[in-house]
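Chemist: Here it is, the structure, as structure tokens.
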Amino acid sequence: MTKRQFGYLLISPTIIMFGLFAVYPVVRTLYLSFFEYRLQFGETMTFVGLKHYVNMLTNERFWNAFGFTMAFTALTVGFEVLLGLAFAQAMNKDYPGRGLLRVVVLIPWAIPTIVSGFMWKFMVHDQYGVINQMLRSVGLIRDYVPWLSRDIGAKAILILADIWKTAPYVSLMVLAGLQGIPRSLLEAADIDGAGPIVRYFRITLPLLKPVLATAVLFRLIQSFKVYTVIVALTNGGPGNATESLTLYTLRTYFDAGNYGYGSALASFTMIVTCGIAVCFLDVIRDKVEAGRKGRAR
Amino acid sequence: MSRKTWDKALFYAFAAFFVATIGFPFFWQVLNSFKLEKDIFSLTWFPDAYTLANYRKAFQSRPLMEYMGNSIAVSVFATLASMALGSMAAYALARTRIRGTGLILIVVLSVSLLPPVVIVNPIYALIRGMGLLNTRTGLVIVNTLFTLTLTIWFLVPYMHSIPAELEEAAEIDGAGPWICYSRIIMPLVAPGVFTVGILAFIQVWNEYLFALVMNPVRVKLVTVGLKMYESDNYIPWGTIMAASTVIVVPLIAMVLALQKRIISGLTSGGLKE
């Protein structure tokens, strides 16, 4: 057996796996989105063209879910990047105790989203919630607030819970970027009289750009598929205020048994994801090239 | 005060804030898991008496032991499968000059970015068609798929970093491709395979969407099981906090024991959650 044949042999399980459980399902979802296909009608499928997409785009519940998902994505990723930059800056100092910081950072990352969702649900409870107690004791609120039964409150708590879970992880990625910046560069700028702020914006940030672009790409796409934290905290409520696209799609599939319309929603999610990816083509090209040629990263 | 002192003061102020905000929710969960219900309801921070009753209830009111067993089995097998398939694929992609590496890498990256909801329905139908709904095997297959992207991305650069001369020398001595792979490359990349295995394990343990959808009735993993404690009009907070602690302890132990590896893994190429 030649080495190349051996290579094909080793890669074949992966190709079968991806073909069967990723490529085929994607094609199948796109295909089903053009059909009327419901659980209660059995296996009958009727071609309906773009009907589901037209229905989707004229459906208020869809726009609500899409709008909430977009706002959630923008706010979580925005805050996570800002906090990640700040945390990383602190972790990059050489003072005793920074080891503790690096361990603490891993806790939210390692905790399952469903568990962290319940933690937050408990902390913001309208009667037994410690956050209400704290806010009242410092005089910020007079009565306990039922955060999760209010539209804005529920959204804000979900965003907060996501930031808590993910900002530390972003800070680790930024830290890796910071450590790749040669110290001599910053020292030289210091000697030339550049203050810490100038150095940060003129040297550090531009050099962090590739790391940040990668982090933002992955975080945008992860945030856009938000689901689990919602299941734990609000289940989409109050009303449908916090129903994300993923939650809406899953309900269409498995509660309503409407596979055709659900597939249109799923396809829409895929289109948005592709849109995000296209904005970061440089990152993707870099990563694929690195994989082919073996450049570091 | 000098600039240095200011810098140091700022660092510790920031670090304190940072540790407090990140650590508090976890601390609060563990603390309340040992409290009596009346102390939970009256928001007493440090009551006079503590109890293990919540833990007893966590195991008695729901089959938490069974959930744990299911989660351990699925996570272990999916992780092992992903380590095996991922190292094979990464070797093929990095070192054997097969055709289409660019295309395969693009597919792998796309799958790692793909929201699960896009493929959940066809996968559900496939798994049902294979008779694997409500089985651990079905969940192992799906989780292997999602962690395989991680292991491949992580291991391809690792494989590239090994000097080609090592393999060439063995080939001159008459070693076939299998010997090169199993005796030369694999021992060298074993630490990397182990590191990415930890990341994969944590990812599978924490997965919720497929764990829910593919097991409507029988095999429940810890993440899905946790949701079972709630009923419409009553949430047993103490029990949920105790069950949460049980679910999280293996992970926290792993993170503390292997933090160096995890950090290097997270920052060097593993980009998924």
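Order-wise, the sequence lines are chains A and B. Read in my numbering, the first sequence has 116 at position 116, and its numbers run on one by one without any break. Read in my numbering, the second sequence has 207 at position 207, and its numbers run on one by one without any break. Heads up, the beta-carbon is just placed ideally off N, CA and C, and yes, glycines get one too. Just so it is clear, the structure is predicted and the values come from calculations on it, not from any experiment.
Arg97/B CB to nearest chain A CB: under 8 Å?
Modeler: The count along the second sequence starts at 1 and reaches residue 97/B at position 97. Chain A contact via Cβ: present.
Chemist: Please state the DSSP three-state secondary structure of Arg38/A.
Modeler: Counting from 1 along the first sequence, the entry for residue 38/A is found at position 38. Looking at Arg38/A - three-state DSSP - the assignment turns out to be strand.
Chemist: Verify whether the separation of the beta carbon atoms of Met173/A and Thr21/B is less than 8 Å.
Modeler: The residue labelled residue 173/A in the question sits at position 173 within the first sequence. The residue labelled residue 21/B in the question sits at position 21 within the second sequence. No; because the gap between Cβ atoms is not below 8 Å, this pair is not in contact.
Chemist: Since Ala290/A meets chain B, which of its residues come closer than 7 Å, beta carbon to beta carbon?
Modeler: Reading the first sequence from its first residue, position 290 is the one you call residue 290/A. Per Cβ cutoff of 7 Å: Pro157.
Chemist: Would a check of beta-carbon distances place Trp147/A closer than 8 Å to chain B?
Modeler: The sequence position of residue 147/A within the first sequence is 147, counting from 1. No - not a single Cβ of chain B is within 8 Å of the one on Trp147/A.
Chemist: Counting only beta-carbon separations shorter than 8 Å, does Thr242/A have a partner in chain B?
Modeler: Locating residue 242/A in the first sequence gives position 242, where the first residue counts as 1. No, Thr242/A lies away from the interface with chain B (no Cβ there is under 8 Å from its Cβ).
Chemist: Could you work out which residue in Met68/B, Leu10/B, Glu165/B is closest to Asn206/B when comparing CA atoms only?
Modeler: By 1-based counting over the second sequence, the position of residue 206/B is 206. Closest by alpha carbon: Met68/B.
Chemist: Should Met119/A be labelled buried (16 or more other beta-carbon atoms within 10 Å of its own) or exposed?
Modeler: Residue numbering aside, residue 119/A sits at position 119 when the first sequence is read from its first letter. Answer is buried; the Cβ neighbour count reaches 16.
Chemist: What are the residues that DSSP puts in a beta bridge with Phe47/A?
Modeler: Sequence index remark: in the first sequence, residue 47/A carries index 47 (1-based). Bridge partners of Phe47/A: Phe35/A.
Chemist: Mapping DSSP to helix, strand and coil, what is Asn134/B?
Modeler: In the second sequence, residue 134/B corresponds to position 134, counting from 1. Correct three-state label for Asn134/B: coil.
Chemist: I want to verify the contact list: residues of chain A whose CB lies under 8 Å from the CB of Lys143/B, in sequence order.
Modeler: Along the second sequence, read from residue 1 onward, the residue named residue 143/B stands at position 143. In the sequence under discussion, the amino acid at residue 143/B is Asn, which differs from the Lys named in the question. In chain order: nothing, as chain A lies at least about 11 Å away.
Chemist: Contact between the stretch 148–161 of chain B and the stretch 81–98 of chain B is defined here as three or more beta-carbon pairs at a separation below 8 Å; is this criterion met?
Modeler: Counting Cβ pairs under 8 Å, three or more are found: they touch.
Chemist: What is the DSSP secondary structure of Asn121/B, reduced to helix, strand or coil?
Modeler: Along the second sequence, read from residue 1 onward, the residue named residue 121/B stands at position 121. Note: Asn121/B maps to helix in three-state DSSP.
Chemist: Pick helix, strand or coil for Asn258/A, following the three-state DSSP scheme.
Modeler: Position 258 of the first sequence holds residue 258/A. Correct three-state label for Asn258/A: strand.
Chemist: Since I believe Ser71/B is in contact with Thr239/B (beta carbons under 8 Å), could you give me their beta-carbon distance rounded to a whole number of angstroms?
Modeler: Along the second sequence, one-based indexing puts residue 239/B at 239. Along the second sequence, one-based indexing puts residue 71/B at 71. Wrong, their Cβ atoms sit about 18 Å apart, outside the cutoff.
Chemist: Give the secondary structure of Thr51/B by DSSP, where H, G and I count as helix, E and B as strand, and everything else as coil.
Modeler: For the purposes of this step, residue 51/B is taken as the residue at position 51 of the second sequence. Coil at Thr51/B, not helix or strand.
Chemist: Given this structure, state the Cα-to-Cα distance separating Ile172/B from Ile162/B, to the nearest angstrom.
Modeler: For the purposes of this step, residue 172/B is taken as the residue at position 172 of the second sequence. For the purposes of this step, residue 162/B is taken as the residue at position 162 of the second sequence. The alpha-carbon atoms of Ile172/B and Ile162/B are separated by roughly 18 Å.
Chemist: Determine the contact status of Ile198/B and Ile141/B, defining contact as a CB-CB distance below 8 Å.
Modeler: Against the second sequence, residue 198/B aligns to sequence position 198. Against the second sequence, residue 141/B aligns to sequence position 141. Result no, Cβ atoms of Ile198/B and Ile141/B do not sit closer than 8 Å.
Chemist: Which whole-angstrom value is the C-beta distance of Val130/A and Leu43/B, which I expect to be below 8 Å?
Modeler: Your numbering for residue 130/A matches position 130 in the first sequence. Your numbering for residue 43/B matches position 43 in the second sequence. So it is a contact: roughly 6 Å between Cβ atoms.
Chemist: Give the secondary structure of His52/A by DSSP, where H, G and I count as helix, E and B as strand, and everything else as coil.
Modeler: Here residue 52/A is taken as the residue at index 52 of the first sequence, counted from 1. In this structure, His52/A counts as helix in the three-state DSSP scheme.
Chemist: Distance cutoff 8 Å, beta carbons only. Does Ser275/B sit that close to anything in chain A?
Modeler: For chain B, the structure presents residues 1 to 273; residue 275/B sits outside this window and is missing.
Chemist: Val365/A touches chain B at which residues, Cβ-Cβ below 7 Å?
Modeler: The structure shown has nothing for residue 365/A, since chain A only spans 1 to 297.
Chemist: Throw me the rounded Cβ distance for the Gln259/B and Arg98/A pair, which I believe falls under 8 Å.
Modeler: Taking the first residue of the second sequence as position 1, residue 259/B is located at position 259. Taking the first residue of the first sequence as position 1, residue 98/A is located at position 98. Not quite, the Cβ-Cβ distance comes to about 13 Å (not below 8 Å), so this is no contact.
Chemist: Is it buried or exposed for Trp6/B, if we count other Cβ within 10 angstroms and need 16 for buried?
Modeler: Start at 1 with the first residue of the second sequence, and residue 6/B comes out as number 6. Its Cβ having fewer than 16 others within 10 Å, Trp6/B is exposed.
Chemist: Quick one: any contact between the stretch 253–270 of chain A and the stretch 131–149 of chain B, if contact means 3 or more CB pairs under 8 Å?
Modeler: Output reads no: the stretch 131–149 of chain B does not touch the stretch 253–270 of chain A.
Chemist: Do Val118/B and Ala266/A have their CB atoms nearer than 8 Å?
Modeler: The count along the second sequence starts at 1 and reaches residue 118/B at position 118. The count along the first sequence starts at 1 and reaches residue 266/A at position 266. Their beta carbons are under 8 Å apart, which means Val118/B touches Ala266/A by this criterion.
Chemist: Measuring straight from C-alpha to C-alpha, what distance separates Asn59/A and Gln179/A?
Modeler: Here residue 59/A corresponds to residue number 59 of the first sequence, with the count starting at 1. Here residue 179/A corresponds to residue number 179 of the first sequence, with the count starting at 1. Distance between the alpha carbons of Asn59/A and Gln179/A: 49 Å.
Chemist: Can you have a look at Thr226/A and say buried or exposed, based on whether 16 or more other CB atoms are within 10 angstroms of its CB?
Modeler: Here residue 226/A refers to the residue found at position 226 of the first sequence. Note that residue 226/A is Val in the sequence shown here, rather than Thr. With 16 or more other Cβ atoms within 10 Å, it is buried.
Chemist: From the DSSP output, in three-state form, read off His125/A for me.
Modeler: By 1-based counting over the first sequence, the position of residue 125/A is 125. Coil.
Chemist: Using a Cβ-Cβ cutoff of less than 6 Å, which residues in the same chain neighbour Ser223/A once the five nearest sequence positions on both sides are dropped?
Modeler: The residue given as residue 223/A occupies position 223 in the first sequence. Excluding positions up to five away in sequence, the list reads Thr73, Thr76, Val77.
Chemist: Which residues in the same chain have their Cβ closer than 6 Å to the Cβ of Tyr274/B, if we skip the five residues on either side of it in sequence?
Modeler: No answer is possible for residue 274/B: the residues shown for chain B start at 1 and end at 273.
Chemist: Would you mind stating whether Leu148/B and Thr14/A have Cβ atoms separated by less than 8 Å?
Modeler: Here residue 148/B refers to the residue found at position 148 of the second sequence. Here residue 14/A refers to the residue found at position 14 of the first sequence. Yes, the Cβ-Cβ distance between Leu148/B and Thr14/A is below 8 Å.
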